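Engineer: This is the structure, below, for whatever I ask next.
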Amino acid sequence: MLILTRKPNESIMIGDLIEVSVVDIKGDQVKIGISAPKNVKVYRKEVYVAIQEENIAALKAQPGVLPELGNLFNQPKKDGSAPKPDNENPPEKQ
Numbered sequence: 573m574l575i576l577t578r579k580p581n582e583s584i585m586i587g588d589l590i591e592v593s594v595v596d597i598k599g600d601q602v603k604i605g606i607s608a609p610k611n612v613k614v615y616r617k618e619v620y621v622a623i624q625e626e627n628i629a630a631l632k633a634q635p636g637v638l639p640e641l642g643n644l645f646n647q648p649k650k651d652g653s654a655p656k657p658d659n660e661n662p663p664e665k666q
């Protein structure tokens with residue numbers, strides 16, 4: 573881990589596109605600002621960990637969902653006809 577000392581209004585660069593700035597220091601709290609491209613997700617660590625835990629829990633909660641979805645796609649159409657395999661309905665050429 574790289575450890576740096578910065579004062580208010582000083583910053584560090586991560587690569588060419590991400591800047592982390594010390595905005596303010598009050599007591600034992602440091603207010604930081606992060607400038608990053610929109611495609612770079614920035615989270616507080618506790619939020620990131622919570623998202624990861626929820627994603628894992630969601631995957632474990634309903635293990636039979638994918639087979640059920642497959643069954644839904646293989647059900648007969650409302651007009652009573654059977655669904656056609658993908659290879660019988662090639663994509664249209666544009």
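Mapping the sequence shown onto the working numbering, position 9 (from 1) lands on 581, and the numbers just tick up by one.
A virtual CB, placed ideally from N, CA and C, is assigned to each residue, including glycine.
The structure displayed is predicted, hence computed values, not measured ones.
If I'm right that residue 594 touches residue 602 with Cβ under 8 Å, what's the distance once you round it to whole angstroms?
Structural biologist: Confirmed, about 6 Å.
Engineer: Would you kindly report the start and end of the unbroken beta strand (DSSP E) that includes residue 575?
Structural biologist: Segment: none, residue 575 is in no beta strand (DSSP E) and carries neither H nor E.
Engineer: Taking 9 Å as the cut-off, decide whether the C-beta atoms of residue 623 and residue 606 are in contact.
Structural biologist: It is not a contact, given that the beta carbons lie outside the stated cut-off.
Engineer: Measuring only the C-alpha atoms, how far is residue 646 from residue 628?
Structural biologist: Taking the straight line from one Cα to the other gives about 28 Å.
Engineer: Please tell me whether residue 624 has its Cβ less than 9 Å away from any Cβ of chain C.
Structural biologist: Considering every chain present, this structure includes no chain C. It has just one protein chain.
Engineer: If I'm right that residue 580 touches residue 604 with Cβ under 8 Å, what's the distance once you round it to whole angstroms?
Structural biologist: At roughly 10 Å, the Cβ-Cβ gap does not stay under 8 Å, so residue 580 and residue 604 are not in contact.
Engineer: If I follow the unbroken beta strand (DSSP E) through residue 596, where does it start and stop?
Structural biologist: Taken as a continuous stretch (DSSP letters only), the beta strand (DSSP E) holding residue 596 covers 590-598.
Engineer: From which residue to which residue does the beta strand (DSSP E) around residue 610 run?
Structural biologist: No beta strand (DSSP E) holds residue 610; DSSP gives it neither H nor E.
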